[in-house]
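Peer 1: Protein chains in written order, with the numbering used here: chain G, 47 to 190; chain S, 47 to 190. Take a look at this one; I'll ask things after.
Number of protein chains: 2
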Amino acid sequence: MPTPQTDPPSVRQQALADVLLPDGDGLIPAIAQQHDTGEVLMMAWMNRVSIGETLVTGRVCYWSRSRGRLWRKGETSGQFQRLVEMRLDCDGDTLLLLVDQVGVACHTGRRSCFYRAVQGGQLHEIAAPAVDPDLLYGVGHSHG
Amino acid sequence: MPTPQTDPPSVRQQALADVLLPDGDGLIPAIAQQHDTGEVLMMAWMNRVSIGETLVTGRVCYWSRSRGRLWRKGETSGQFQRLVEMRLDCDGDTLLLLVDQVGVACHTGRRSCFYRAVQGGQLHEIAAPAVDPDLLYGVGHSHG
């Protein structure tokens, strides 16, 4: 008879909910990284509700601190993030989201939010917008 | 006569100190990424002093929230991070550090702190320690 498949003893399993350590506001920073190129796209915040929705739908949902509500990334701009894998760090207080980014991650129209590099104490722009943000959000809008 | 070299008009320069937006505690999250492989190693916190020291010395210095003091990464373990480039995000409230990591970034002895992946609501270890943490910190120690 075939033996049932089990994880090797070295692989310990824990429930995500038991290990998460959000801050005093119930939030946890989440880094979004393009899964195949390794590019770090952005950092935003999640809470237990947005984490659950993201895992269930496979589309990344953050918590917007400025708007005080769930932020379904791409809901305005169409620039969605498909979740490939969610990882947690050693302390349980930071998430790494491997994603497939549709279009651009940054509200400025750039692929990544980290488009400024420090050189001699000055910030230099190292990436230009790939798309006009007015086309993503409408004139005068921001984020989404 | 040769004209003086200037940046093209499209390159806007700003002083880092003028654009940084730390949180109410004066802290800003900093993501450390291995500069050549793209691996996200860890997330920790910096303040203006640790940012300044990092830029001057070229060795990454964080602010330890648990210990309430500067944390010169590797000071105990020898697992230093050499700064290759510091980047800032669009909102001015998150740093991305491109680093060259000596040895391992994680206090568990793993290369990256993000060694657990969520599968079906459970965390699975996807990376084993590369080195015994007792060898880095001494028995009973943590972090550094």
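Just so it is clear, CB atoms sit at the ideal spot from N, CA and C, and this is done for glycine as well.
1) Can you name, in chain order, every residue of its own chain whose Cβ lies under 7 angstroms from the Cβ of F160(S), other than the five neighbours on each side?
2) With distances taken Cα to Cα, identify the nearest neighbour of L182(G) among E131(G), A76(G), G120(G) and D82(G).
3) What number of angstroms, rounded off, separates the C-alpha of D64(G) from the C-alpha of M88(G)?
4) According to a CB-to-CB cut-off of less than 8 angstroms, which residues of the stretch 155-188 of chain G neighbour chain S?
5) At what residues does the beta strand (DSSP E) containing A63(S) begin and finish?
6) Taking beta-carbon pairs under 7 angstroms, can you tell me which members of the stretch 60-82 of chain S lie near chain G?
7) Using a 10 Å radius around the Cβ and a threshold of 16 neighbouring Cβ atoms, would you call R111(G) buried or exposed?
8) Using a C-beta to C-beta distance shorter than 8 angstroms, which residues of chain G count as neighbours of R133(S)?
9) Please classify V185(S): is it buried, with 16 or more other beta-carbons within 10 angstroms of its beta-carbon, or exposed?
10) Mind pulling the chain G residues with CB within less than 9 angstroms of T122(S)?
11) Output needed for D139(G): all residues of its chain with C-beta closer than 7 angstroms, excluding positions within five of it in sequence on either side, in chain order.
12) Measuring CA to CA, which of N93(G), L116(G), A76(G) and T122(G) is closest to R148(G)?
13) Taking all protein chains shown into account, do 16 or more other C-beta atoms lie within 10 angstroms of the C-beta of D71(S), making it buried, or fewer, making it exposed?
14) Within the 8 angstroms Cβ cut-off, does V86(G) reach chain S?
15) Taking the alpha carbon of V177(S) as the point to measure from, which residue in S158(S), L169(S), I97(S) and Q168(S) has its own alpha carbon closest?
16) Taking the beta strand (DSSP E) that S96(G) falls in, what are its first and last residues?
17) Any beta carbon from chain G within less than 8 angstroms of C152(S)'s own beta carbon?
18) Suppose you measure from the CA of L169(S) to the CA of Q59(G); what does that come to, to the nearest Å?
19) Select from D146(G), R128(G), E171(G) and G155(G) the residue whose C-alpha is nearest the C-alpha of P179(G).
20) How many Å lie between Q165(G) and A76(G) at the Cα?
21) With distances taken Cα to Cα, identify the nearest neighbour of V145(S) among R115(S), I97(S), G104(S) and E99(S).
22) Does P179(S) come out as helix, strand or coil in the three-state DSSP assignment?
23) Quick check: A163(S) and E131(G), are their CB atoms within less than 8 angstroms of each other?
24) Using the rule of at least 16 other Cβ atoms within 10 Å of the residue's Cβ for burial, across every protein chain shown, is R113(S) buried or exposed?
25) Counting contacts by CB-CB distance shorter than 8 angstroms, is L101(G) in contact with chain S?
Peer 2: Taking the geometry as given:
1) V86
2) G120(G)
3) 26 angstroms
4) R156, C159, F160, Y161, R162, A163, V164, G167, Q168, L169, H170, E171, I172 and A174
5) That residue, A63(S), is in no beta strand (DSSP E); its alpha helix (DSSP H) goes L62 to V65.
6) Q60, A61, L62, V65, P75, I77 and Q79
7) exposed
8) Within chain G, the residues near R133(S) are F160, Y161, R162, A163, V164 and I172.
9) exposed
10) Residues of chain G passing the Cβ test: none, with the nearest at roughly 16 angstroms.
11) L67 and I74
12) Position check: residue 148(G) holds Val in this sequence, whereas Arg was assumed. Residue T122(G) is the option with its Cα nearest to V148(G).
13) Counting Cβ neighbours within 10 Å, D71(S) comes out exposed, since fewer than 16 surround it.
14) yes
15) S158(S)
16) From DSSP, S96(G) is part of no beta strand (DSSP E) but of the alpha helix (DSSP H) over R94 to T103.
17) yes
18) C-alpha of L169(S) to C-alpha of Q59(G): approximately 5 angstroms in a straight line.
19) G155(G)
20) 27 angstroms
21) G104(S)
22) Looking at P179(S) - three-state DSSP - the assignment turns out to be helix.
23) yes
24) exposed
25) yes
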